[in-house]
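Engineer: Per UniProt numbering, the sequence shown starts with residue 1, numbered consecutively.
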Amino acid sequence: MFKLKRPISPPEEASAQPRKDAGENLPPLQEHKRQCLCKLTRLVGAAGVATAMWPLLSALGPDEKTLADGEPIDIALGDIAPGQTVRRLWRGRLVLIRHRTEEEIAQARALDGKTVISPQADAERVKPGHEQWLVVYGHCPHAGCIPNELAGGNLGWLCPCHGSEFDLSGRVTRGPSTENLAIPDYAFHADGLTLRLGVKSV
Ligand code: FES
């Protein structure tokens with residue numbers, strides 16, 4: 001049977017026309033007010049962002065900015081007591097600075113010639129005249145984990161990942177690590193109370 005097709009209506013005229021911005025139809029005074037309001041909103045928004053960022057920016061002291069830039073940094077040693085280890089993050093890596101006691105130095109030197117995995121004398125791992133300061137990276141050479149202090153550090157470090165151990169000179173005494181804790185470049189200022197990390201000499 002023959003069916004009548006529904007006539008297709010033409011698109012509505014309104015939808016065929018590009019939409020005009022609501023503001024274009026406003027009287028001049030209202031349009032001026034609308035523009036002022038837009039500017040004010042942008043200004044308040046910018047001020048809000050600046051206010052939100054300020055604590056973050058102001059929290060970055062000179063030290064942190066220098067750290068972020070990877071420049072050499074000075075570390076004051078005067079407040080680090082014998083038997084204490086301080087940690088510093090530098091160039092994205094952890095650095096351990098251990099103020100070794102006389103007993104700890106003697107203990108480390110007693111192991112000279114007995115650390116067979118990667119033999120090295122204690123004197124080769126510290127600076128002459130500054131034997132009390134052990135400065136090493138705090139990342140296990142096996143796979144990069146951070147070793148924990150054994151008995152507060154006076155027995156060395158134990159890596160929690162696979163059990164490598166390091167003595168008071170940072171030498172590996174038990175694997176699976178086959179390397180000693182690495183030593184960053186550093187030097188002492190003339191006063192002996194400040195260490196500069198990231199340089200071979202000052
Ligand atoms: S990462 Fe330290 S023993 Fe494996």
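For each residue, glycine too, the CB sits at the ideal point set by N, CA and C. Here the structure is a predicted model, which is why all the values come from computation and not from measurement.
Helix or strand or just coil, what does DSSP make of A76?
Structural biologist: Strand, per DSSP.
Engineer: Let's see if you can read the secondary structure: which residues bound the beta strand (DSSP E) around R196?
Structural biologist: Start and end: 194-197.
Engineer: Starting from I97 and walking both ways along the alpha helix (DSSP H), at which residues does that stretch end?
Structural biologist: Here I97 belongs to no alpha helix (DSSP H); instead the beta strand (DSSP E) covers 93-99.
Engineer: Exposed or buried, G169, counting other C-beta atoms within 10 Å across all chains shown (16 or more means buried)?
Structural biologist: Contrary to the premise, residue 169 reads as Ser rather than Gly in this sequence. Label assigned to S169: buried.
Engineer: Where G113 and D167 are concerned, what is the direct C-alpha to C-alpha distance, given to the nearest angstrom?
Structural biologist: When rounded, the distance between both Cα atoms is 13 Å.
Engineer: Where the beta carbon is closer than 5 Å to any heavy atom of the ligand FES, which residues qualify, in chain order?
Structural biologist: Result: C140, H142, A143, C145, C159, C161, H162, S164.
Engineer: For R171, does the three-state DSSP call read helix, strand or coil?
Structural biologist: Looking at R171 - three-state DSSP - the assignment turns out to be coil, as it is neither helix nor strand.
Engineer: Below 6 Å CB to CB, which residues in the same chain sit around A182 once its five sequence neighbours on both sides are set aside?
Structural biologist: Same-chain partners within the cutoff: Y137.
Engineer: For A187, list the residues DSSP reports as bridge partners.
Structural biologist: Bridge partners of A187: R196.
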